[in-house]
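As structure tokens, this is what we get:
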């Protein structure tokens, strides 16, 4: 079968002819290639509005706000011509009536100018949008900072001229305003409006042809001042009312947003945490910037607020649970405190130098033997007998606690010293000293560190530790309520920072720093001097040498036997002098034998009289009966004996002889 032929239609023939001739339909090409311009709104809808009947315009404009009329007048020339004509005054008055409480238009302003002054914030000098940071209602102007300096005149700068113009009998002819001075919180300046001032000055300088003209000038000026002052007072009241109303509306929106946030959190089960401690968490949430905004709460905003609020509430929930646990444990801690007190009363007297090294109530509470009996769930019945039966085991627990503390100190020392001879006891070595990180105590040794005041005195609680260790936090709170010592902690000490200097002193004494013990150095009776301080040379024992000036190079030399004997003799003499006794006793810390109180001599007597001799406060406390020397005392460091060389003696003969006569120095032939 032959192939079927396609019939050519009229459109097909036209297309072929167009292709041959090269001509196309211009309308089709243009329609296919051009793009339709996108226009926002409906163009030309208000173009014929000025041509509407007057009664319709009056009805429309009477429903508009003055701000809308000003904006409408700025849209086209026709609207501007129509709305700025005097015939449009009724429209402006009708629009002004829509604003509740707005004062009438003053006589010195037109209705459009009045609307522009009240409802638009651009500068009246340079037309900068939103740039009017100074509004002077009596002048009916808004100015930016730059135009303020150009358009306002300080009254003090034209005081002489104004006094001539006004003349006392004619009264005030210019309105003044008071504004804060730049860079000042308290002082204010007084200003005239420059255009008004220039107008009055020109009229006055032009002269008057008659007294009638002169009187008319002053009368009209006074009327302008009066009307401006009255308008300024009225518009300020209205602005204040508007600000108060707006503030109330914003406050209402803000309160509604806060209440809705709170309700949503309560619906999620955070009620207890919101109410805990008089709404502490709720106060934090209310102060969040995302919460205290004057806008209605949306689901999108709530998703952000919920995340931040949950973090706050989770933290306060940990605090609340810790507090509840503390309240559960408090009766048990009180019972433990009584058990420890009964054990201490078995001693006679209950407090001695030995008890300075005992655990505190907090240490007892943290011992596993007591904690296992105290830290039981609320639903488990607490057995009072368990703590009472533990009283007989307290001596063993004290020894165990001491060994644990000793091991902690031993680790600090061995880590600081490194390798040691097998025969050496690290705790007995002369170099094995510790410094407190909280105070100026240096050269602390074992077991003195057990009684150090920084571990037994008052320290702030760590609120963030509640979630990490609620039981420990409960012990700290109980310690505060019972007014007892804190628990002991080895982290308060660092190993001897002056190790290099200590080793140099021991080597200068002819001893081995790796094996020399503290007792050995105390008994050696040797004295050294610093070779860097020959102008101010001193006889130093080994502890004073360690604390010698840090700026020296730690180059110590041993005094010979003759000079050492002289130094020891003079030290003994100075020690025996009554004048030096207060220096030794002023900083000595004593402990009360009747309680755990510690203080220096003056205060320990006061404490004994007020706390333990209530019936007769005149009784003096007795040493070793009412108080004792506490083990937490820094070693006494007397003033070193000075050493003068023969050459130094000749150079400063008077000073040297005076020191030698006071037995505070001697002259050495070997230095």
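Residue numbers (UniProt numbering): 1 to 671. Backbone N, C-alpha and C define an ideal beta-carbon position, used for all residues, glycine too. Keep in mind it's a predicted model, so treat the numbers as computed, not measured.
Straight through space, the alpha carbons of residue 381 and residue 449 are spaced by roughly 39 Å.
Take residue 135, set aside five residues on each side of it, and the residues of its chain with a beta-carbon closer than 6 Å to its own are 142, in chain order. The C-beta distance from residue 367 to residue 397 rounds to 6 Å, short enough to fall under 8 Å.
Residue 666 and residue 527 have their C-alpha atoms spaced approximately 14 Å apart. Per DSSP, the beta-bridge partners of residue 628 are 591. Less than 7 Å divides the Cβ of residue 121 from the Cβ of residue 130. The C-alpha of residue 291 is placed about 45 Å away from the C-alpha of residue 58.
Looking only at 454, 502, 668, 511, the smallest Cα-Cα distance to residue 559 is reached by 668.
By the neighbour-count definition (other C-beta atoms within 10 Å, threshold 16), residue 387 is a buried residue. Here the segment 484 to 496 makes contact with the segment 430 to 442; the two share three or more CB pairs at distances below 8 Å.
Pairing residue 115 with residue 273, the inter-Cα distance amounts to about 53 Å.
In the three-state reduction of the DSSP assignment, residue 470 falls in the helix class, which pools H, G and I.
Between the alpha carbons of residue 613 and residue 314 lies a distance of about 51 Å. Excluding the 5 residues flanking it on each side, residue 554 has same chain C-beta neighbours closer than 7 Å at 500, 501, 504, in chain order.
Listed in chain order, the non-local C-beta contacts of residue 394 below 7 Å within the same chain comprise 343, local neighbours out to five positions each way being set aside. Counting along the chain, residue 192 sits inside no alpha helix (DSSP H); it lies in the beta strand (DSSP E) bounded by residues 188 to 193. Residue 151 sits buried, since 16 or more C-beta atoms from the chains shown fall within 10 Å of its C-beta. With contact defined as three or more Cβ pairs closer than 8 Å, the segment 190 to 201 and the segment 157 to 167 are in contact.
Classified as buried, residue 193 has 16 or more neighbouring CB atoms from the shown chains inside 10 Å of its CB. In this structure, residue 365 and residue 333 form a Cβ contact; the two beta carbons are roughly 6 Å apart against a cut-off of 8 Å. In the structure shown, residue 155 falls within a helical segment according to DSSP collapsed to helix, strand and coil. Taking C-beta atoms as the reference points, residue 221 and residue 173 count as a pair closer than 7 Å. CA-to-CA, the gap between residue 356 and residue 378 works out to about 35 Å.
Collapsing the DSSP output to three states places residue 317 in a helix. Of the other Cβ atoms in all chains shown, fewer than 16 fall within 10 Å of the Cβ of residue 186; this residue is therefore exposed. Classified as buried, residue 541 has 16 or more neighbouring CB atoms from the shown chains inside 10 Å of its CB. In the DSSP assignment, the residues bridged to residue 180 are 188. Taking a contact as a CB-CB distance under 8 Å, the pair residue 410 and residue 426 counts as one, their CB atoms being some 6 Å apart. Taking each of 63, 660, 326, 208 in turn and checking the Cα distance to residue 470, the smallest one comes out for 326. Ranked by Cα distance from residue 627, the options 429, 637, 590 are led by 590.
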